[in-house]
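Below is one structure, written out as structure tokens; the observations come after it.
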Amino acid sequence: MIIEENMSVQKKLEILSDAAKYDVACTSSGVDRKGTSGGLGNTVAAGICHTFSADGRCISLLKILFTNECIFDCKYCLNRSSNDVVRASFTPEEVCVLTMEFYRRNYIEGLFLSSGVIKNPNFTMELLCETLRMLREVHHFNGYIHCKAVPGASSDIIEMTGWYADRMSVNLELPTAEGLKTLAPHKTRKNILKPMKQIQIGRNELIKPSTFIETNRMSGYAQSISVFDMNSIESEQDQPQILREEANFSLSKSKSELSIRDKILDTNMTGYDSEYSLGKVRRPSINRGFVPAGQSTQMIIGATPENDYQILSVTEALYQKFDLKRVFFSAFIRVNEDTSLPVLPGGPPLLREHRLYQADWLLRFYGFQAAELLSEERPNFNVLLDPKCNWALGHLENFPIEVNKADYYALLRVPGIGVRSAERIVKARRTAKLRFEDLKKMGVVLKRAIYFITCSGQMMHPVKLEENYLTNQLVGMKERLPFGLSGDISYQQLSLFDDLKFMNQNININ
Ligand code: SF4
87 MIIEENMSVQ KKLEILSDAA KYDVACTSSG VDRKGTSGGL GNTVAAGICH TFSADGRCIS
147 LLKILFTNEC IFDCKYCLNR SSNDVVRASF TPEEVCVLTM EFYRRNYIEG LFLSSGVIKN
207 PNFTMELLCE TLRMLREVHH FNGYIHCKAV PGASSDIIEM TGWYADRMSV NLELPTAEGL
267 KTLAPHKTRK NILKPMKQIQ IGRNELIKPS TFIETNRMSG YAQSISVFDM NSIESEQDQP
327 QILREEANFS LSKSKSELSI RDKILDTNMT GYDSEYSLGK VRRPSINRGF VPAGQSTQMI
387 IGATPENDYQ ILSVTEALYQ KFDLKRVFFS AFIRVNEDTS LPVLPGGPPL LREHRLYQAD
447 WLLRFYGFQA AELLSEERPN FNVLLDPKCN WALGHLENFP IEVNKADYYA LLRVPGIGVR
507 SAERIVKARR TAKLRFEDLK KMGVVLKRAI YFITCSGQMM HPVKLEENYL TNQLVGMKER
567 LPFGLSGDIS YQQLSLFDDL KFMNQNININ
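Residue numbers (my numbering): 87 to 596.
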């Protein structure tokens, strides 16, 4: 471990913002650009990232690790204890000064604070908590703060931090307990799920139930859960039954499917609430609520052999059982030479990561369930297709659907029809029969939808509803992909990452 004495705050900022930039809960700007004469504004790459508020505003955050002097040895992480990298730690006061000064200069609107584990989890969490306390109570900082909870830290200090933070996150790291054991031997699934559960129960018990349901949850879940007495969710033993009932809102699910999911996540946790008691710590004088922006997590994709079905099942269980706001996926980047890490010839699985984000969107906003999108027989998405197309091709018996009659949820399942266009269709058809020209004006992506819909009983063109034929048609279409994944999608595109220089980049997962 290389530790430099008397390091300047500027140097620490360089090291610790770089170390934090691959935490995917926020998107790093990654751009350094000076102001120009006649132009307005500049950008700073180091540590500034963007996130989105509940009302859709884009917020710039200072994203840093408190320390990279980590005692753990997670095999996928550049900051693991066995690597020779330059180490640095802030003091709470240094983080406060940086945050306040950046805020005053209008660089940032908030702070994203993560950390390696210095000395032990409690010591680390106390430093994070003290930093947040000073920001709120000494510097009176009222901006957004996202803070990591360190697995293994005491519940009291996590609760205290929850009163100062807006959002907290505990990273699941890897989709299964076996994966964790192999690649992050110092972490256990229990230590990760325990604070997650604590934050969930804390939000439920310590804030008003009316603020508990928010729009970015799984649409079906939020819809169906509102019919239950919110207090009944506080009992962990009651939860699986409640969630089993609500999970049936769109399609029935077999018991065996649920038990697979439970087994993967190992979420039948009982008795944890006796390990901590909530509401015992001193609350700050200004009550902003307990973790009012909820919690999130992230998983590394491709470092361990789990398939998409397992990953999506875990994701679904996290939303349902831990009330997470977001689950983030991080394509595995091989930054360490270690025999237990896979060598991925195509580079980081970014397209797979993108498909999982699209599937996550289907879970949260389209009423899909993991077991509908994938199964043990079809455990992986075809990366050349978006997951909704992938699902439609496996369920051609449901198509074509008549847009003038199909209910809202059936419309949502049509490739090319999104939430907005489905709403517009339902509204517009009250007054007139819809034609294909009308659908285009409503935002329907006709090039995809025409294979799956009829208007007044007619398809736009005669189409063979046959899986291979439709797969070829859909794969041949240009798709708008995120930056870094651009290019024509075709069967040859499986090697599209060959040119990207990801091997030089690092990853940090906390
Ligand atoms: S992932 Fe976090 S805990 Fe693990 S080695 Fe890296 S900094 Fe330490």
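Note that the Cβ used here is the ideal one computed from N, Cα and C, for glycine as well.
Per DSSP, reduced to three states, the secondary structure at residue 481 is coil, with no helix or strand assignment.
With respect to the 8 Å criterion, residue 161 and residue 426 are classified as neighbours on the basis of their beta carbons. A Cβ-Cβ distance of about 33 Å is found for the pair residue 384 and residue 484, leaving them out of contact under the 8 Å criterion. Sixteen is the threshold: since fewer than 16 other Cβ atoms of the shown chains lie within 10 Å of the Cβ of residue 518, the residue is exposed.
If you draw a straight line from the Cα of residue 191 to the Cα of residue 234, it comes to about 25 Å. Annotation for residue 149: no alpha helix (DSSP H) segment contains it, though the beta strand (DSSP E) segment containing it runs 144-151. In this structure, the ligand SF4 has no non-hydrogen atom nearer than 7 Å to the beta-carbon of residue 256.
Within the same chain, and ignoring the five residues on either side of residue 201 in sequence, the residues whose Cβ sits closer than 8 Å to its Cβ are 151, 152, 153, 210, 213, 214, 234, 236 and 596. Distance from the Cα of residue 475 is smallest, within the candidate group 444, 543, 489 and 246, for 444.
For residue 230, the three-state secondary structure derived from DSSP is strand. Counting along the chain, the unbroken alpha helix (DSSP H) around residue 559 starts and ends at 553-561.
The Cβ atoms of residue 401 and residue 268 lie no closer than 8 Å to each other. Here residue 254 is bridged, per DSSP, to 233 and 381.
Assigned with DSSP and collapsed to three states, residue 217 falls in helix. Rounded to the nearest whole angstrom, the CA to CA distance from residue 403 to residue 92 is 46 Å. Residue 470: not part of any alpha helix (DSSP H); DSSP gives it neither H nor E. Shortest Cα-Cα distance from residue 418 to any of 472, 164, 370 and 179 involves 164. The three-state reading of DSSP puts residue 200 in strand, counting E and B together. Taking the C-beta atoms as reference points, residue 204 is found no nearer than 8 Å to residue 264.
In the DSSP assignment, residue 488 is bridged to 540.
If you check the CB distance, residue 448 and residue 394 do not come in under 8 Å. By the CB criterion at 8 Å, residue 436 and residue 561 fall outside the cutoff. Comparing alpha-carbon positions, the option among 148, 207 and 218 lying closest to residue 197 turns out to be 148. The DSSP-derived three-state label of residue 194 is coil. Residue side-chain check: residue 233 keeps its Cβ at 7 Å or more from all non-hydrogen atoms of the ligand SF4. With a cutoff of 7 Å, residue 270 counts as near the ligand SF4, since its C-beta is closer than that to a heavy atom of the ligand. Annotation for residue 400: the continuous alpha helix (DSSP H) segment containing it runs 394-408. Collapsing the DSSP output to three states places residue 549 in coil. A distance criterion of 7 Å places the beta-carbon of residue 275 beyond contact range of the ligand SF4, judged by its closest non-hydrogen atom.
Following the DSSP letters along the chain, one finds residue 522 inside the alpha helix (DSSP H) bounded by residues 522-527.
If you compare the alpha carbons of 510, 543 and 428 with that of residue 527, the shortest gap goes to 510. Of all alpha-carbon atoms in 520, 490, 158 and 537, the one lying nearest the alpha-carbon of residue 238 is that of 158. The C-beta distance from residue 186 to residue 232 rounds to 17 Å, too long to meet the 8 Å contact threshold. Ranking 481, 144, 495 and 515 by CA distance to the CA of residue 537 puts 481 first.
Going by DSSP, residue 174 is part of no beta strand (DSSP E) at all; its letter is neither H nor E. Remark: the C-beta of residue 152 is outside contact range of the ligand SF4, defined as less than 7 Å to any heavy atom.
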